[in-house]
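Taken in order, these protein sequences are the chains called A and B.
Going by the UniProt record's numbering, the final residue of the first sequence carries number 111, and the count climbs one at a time with no gaps.
Going by the UniProt record's numbering, the final residue of the second sequence carries number 111, and the count climbs one at a time with no gaps.
2 protein chains.
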Amino acid sequence: MDYLNPNVPLDYYHDNCPTLMALKLVNQKWKLPILWQIGLHQELHYNQLKRQLIGITNTMLAKSLRELDGDGLVLRHQFDTTPPTVTYALTDQGKQLLITLEGLREFGEIG
Amino acid sequence: MDYLNPNVPLDYYHDNCPTLMALKLVNQKWKLPILWQIGLHQELHYNQLKRQLIGITNTMLAKSLRELDGDGLVLRHQFDTTPPTVTYALTDQGKQLLITLEGLREFGEIG
DNA sequence: CAGGATCCGTCCCGATACTG
DNA sequence: CAGTATCGGGACGGATCCTG
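Here it is as structure tokens:
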């Protein structure tokens with residue numbers, strides 16, 4: 001709780017504070033639901049995933065998955081068949097993040 | 001981890017899932033820093049708070065404080081003097097939320 | 001001292017259409 | 001099957017100025 005120094009602008013912390021960095025990983029509409037679904041099924045194909053997430057568009061799903069992959073939360077497995085097959089699974093980090101966020105769930109239920 | 005039902009659109013969960021609700025409380029640029037600062041000092045005047053948060057504008061600080069108050073995370077104490085004096089403190093919920101988010105800090109440090 | 005009002009740029013997100 | 005390309009609206013955040 002000692003992240004803020006009066007002489008440093010906030011943007012510095014947004015790029016360095018671990019808590020804010022962790023929050024940024026899931027601060028987009030579909031990211032957490034995507035992580036939940038993958039965690040729930042261990043491994044999912046792109047279209048399987050899309051069917052679970054009612055209302056999501058290809059644009060958002062593909063973009064979110066790319067970012068989650070880049071952030072090391074999900075693992076993309078591509079099989080070079082025709083038609084192509086891709087599956088997504090959680091990394092250990094992704095699993096750890098979901099576990100950590102369970103703490104928030106209890107809070108939300110109280111409030 | 002069983003929040004998502006294939007037959008229900010996501011917006012429903014955004015308004016009902018405790019985890020997403022808890023996340024929404026702090027999913028704005030200055031909210032968490034504001035909570036940290038108040039928690040750090042127990043109680044702060046508006047301008048004291050503003051001086052700690054380098055770069056924040058009156059618009060954002062006042063708006064964030066109003067919302068945090070409305071969400072039950074901070075407590076606004078107004079003294080009808082001239083000039084007016086207002087102090088902000090954390091509610092028990094606000095304190096609890098900060099404690100919970102400490103879990104995220106550990107995660108961010110690993111990643 | 002503690003804000004409110006207004007304007008404005010940016011980025012998130014959705015809709016639609018197309019592809020190796 | 002698993003995406004990409006493009007367009008557009010709306011919310012979020014910042015800048016500036018004003019006030020009881």
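Just so you know, even glycine gets a beta-carbon here, dropped at the ideal spot from N, CA and C.
Pull up the distance between the alpha-carbon of residue i and that of residue j, whole angstroms please.
i: serine 64 of chain A; j: lysine 31 of chain A; result: 6 Å
i: methionine 21 of chain B; j: leucine 20 of chain A; result: 17 Å
i: threonine 59 of chain B; j: glutamine 48 of chain A; result: 44 Å
i: leucine 104 of chain A; j: phenylalanine 107 of chain B; result: 14 Å
i: aspartate 92 of chain B; j: proline 83 of chain A; result: 55 Å
i: proline 9 of chain B; j: threonine 81 of chain B; result: 50 Å
i: leucine 75 of chain A; j: glutamine 37 of chain A; result: 14 Å
i: arginine 66 of chain A; j: histidine 41 of chain A; result: 19 Å
i: glycine 70 of chain A; j: lysine 29 of chain A; result: 17 Å
i: proline 18 of chain A; j: glutamate 109 of chain B; result: 6 Å
i: glutamine 52 of chain B; j: asparagine 27 of chain B; result: 20 Å
So, for residue i: in the same chain, excluding its five sequence neighbours on each side, which residues have a beta-carbon less than 6 Å away from its beta-carbon?
i: isoleucine 34 of chain A; result: Ser64
i: residue 129 of chain B; result: Any question about residue 129 of chain B goes unanswered here, given that chain B covers just 1 to 111.
i: phenylalanine 79 of chain B; result: Thr85
i: glutamine 96 of chain B; result: none
Run down chain B in chain order and give the residues with a C-beta less than 8 Å from the C-beta of residue i.
i: alanine 22 of chain A; result: Leu104, Arg105, Phe107, Gly108, Gly111
i: isoleucine 38 of chain A; result: Chain B residues near isoleucine 38 of chain A: none, gap ~11 Å exceeds 8 Å.
i: glutamine 42 of chain A; result: Within chain B, no residue comes near glutamine 42 of chain A; the closest Cβ sits about 12 Å away, beyond 8 Å.
i: valine 26 of chain A; result: Leu23
Can you pull the chain A residues whose beta carbon is under 7 Å from the beta carbon of residue i, in chain order?
i: asparagine 47 of chain B; result: Neighbours of asparagine 47 of chain B on chain A: none; closest Cβ ~13 Å, over 7 Å.
Using a Cβ-Cβ cut-off of 7 Å (strictly less than) and excluding sequence neighbours within five positions of residue i, which residues of its own chain qualify?
i: lysine 50 of chain B; result: Ile56, Leu61
i: asparagine 16 of chain A; result: none
i: glutamate 102 of chain A; result: none
Name the residue from the options whose alpha carbon lies nearest to the alpha carbon of residue i.
i: isoleucine 99 of chain A; options: A:Glu43, A:Gly70, A:Gly39; result: A:Gly39
i: residue 138 of chain B; options: B:Leu68, B:His77, B:Pro83; result: In the structure as shown, chain B begins at 1 and stops at 111. Residue 138 of chain B is therefore absent and cannot be evaluated.
i: alanine 89 of chain A; options: A:Glu109, A:Leu25, A:Leu73; result: A:Leu73
i: tyrosine 12 of chain B; options: A:Leu25, A:Gly70, A:Ile54, A:Glu102; result: A:Ile54
If you reduce the DSSP assignment to three classes, tell me which class residue i lands in.
i: leucine 61 of chain B; result: helix
i: glutamine 78 of chain A; result: strand
i: valine 86 of chain A; result: strand
i: leucine 44 of chain A; result: strand
i: leucine 97 of chain B; result: helix
i: glutamine 28 of chain B; result: coil
i: aspartate 53 of chain A; result: Here the sequence assigns leucine to residue 53 of chain A, which means aspartate is not the residue at that position. Reduced to three states, the DSSP call for leucine 53 of chain A is coil.
i: threonine 91 of chain B; result: coil
i: glycine 108 of chain A; result: helix
i: aspartate 69 of chain B; result: helix
i: proline 18 of chain B; result: helix
i: proline 9 of chain B; result: coil
Along chain A, which residues have their Cβ under 9 Å away from the Cβ of residue i?
i: asparagine 58 of chain B; result: What asparagine 58 of chain B touches in chain A: nothing, since even the nearest Cβ is about 15 Å away.
Taking C-beta pairs closer than 8 Å, name the residues in chain A that residue i reaches, listed in chain order.
i: tyrosine 13 of chain B; result: Pro33
Going along chain B, which residues have a C-beta under 7 Å from residue i?
i: leucine 61 of chain A; result: Correct list: empty, because the minimum Cβ distance to chain B is about 12 Å.
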